[in-house]
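Take a look at the structure below.
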Amino acid sequence: MTVPVDAAASYSFVSTGAATYSIPLRIRDAGDITVIFNEATDDPVHYSVTAIDQDAPSFTLNFGIGFAPDSGITVMILQSFPIAREVDYNPGQILTADSFNNMLDNLTIMQRDVEAMFDKISFRYNEDEITNITDAMT
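According to this note's numbering, the sequence shown is numbered sequentially starting from 21.
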């Protein structure tokens, strides 16, 4: 799988009350997502993930009987990749294209996630606000 730098890290939709939805996010396995609706994280035993397509960013989200969100409820899907090194290369070891690409994908995902966290916690001021702060300090 190749992860574009600008790939989405979340997806939200308004439920139709159906039990199955096609989600346009790129994931590696079912444990890579968190499902939120009714302002609470849904328990992973209430849904399953199938048809993960490594080439196209998509998978199918299936809610169990009686656990599908009601019609009109906003559902948010968040990617939650662990920040971890999956391969430890040793001297003389054969470096395959697949393992190298997976490592680069992980780094791309980690960079995107750190940038998203930074955007949420950083303060942003326009030029007038900076001038006002500077003037107040003098």
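Even glycine gets a Cβ: it sits at the ideal position worked out from N, Cα and C.
Limits of the unbroken beta strand (DSSP E) element including residue i
i	result
S68	67 to 73
F33	30 to 34
Y41	40 to 43
T82	The residue you asked about is not Thr; residue 82 is Asn in the sequence shown. 78 to 83 is the span of the beta strand (DSSP E), which, as asked, contains N82.
Close Cβ partners of residue i (< 8 Å) along its chain, the five nearest in sequence each way excluded
i	result
S30	L45, M96, I97, L98, Q99
T94	S32, F33, V34, S35, F57
I85	A39
Reduced DSSP category for residue i - H, G, I as helix; E, B as strand; rest coil
i	result
T60	One point to set straight first is that residue 60 is Ala, not Thr, in the sequence displayed. In the structure shown, A60 sits in a strand (DSSP, three-state: E or B).
S100	coil
V134	helix
F120	helix
I141	helix
I47	coil
I153	helix
Residues bridged to residue i (per DSSP)
i	result
L168	This structure gives no information on residue 168, because the portion of the chain shown stretches from 21 to 158.
L115	Looking at the DSSP assignment, L115 forms no beta bridge with any residue, so it has no partner.
I53	Q99
Close Cβ partners of residue i (< 7 Å) along its chain, the five nearest in sequence each way excluded
i	result
S78	S42, I43, P44
Beta-carbon contacts of residue i that lie in its chain and below 6 Å, excluding the five residues immediately before and after
i	result
S68	N82
### Sufficient close CB pairs (3 or more, under 8 Å) joining the region 104 to 113 to the region 31 to 44
no
### Query
How do the region 53 to 67 and the region 108 to 115 stand: do at least 3 beta-carbon pairs fall below 8 Å, yes or no?
no
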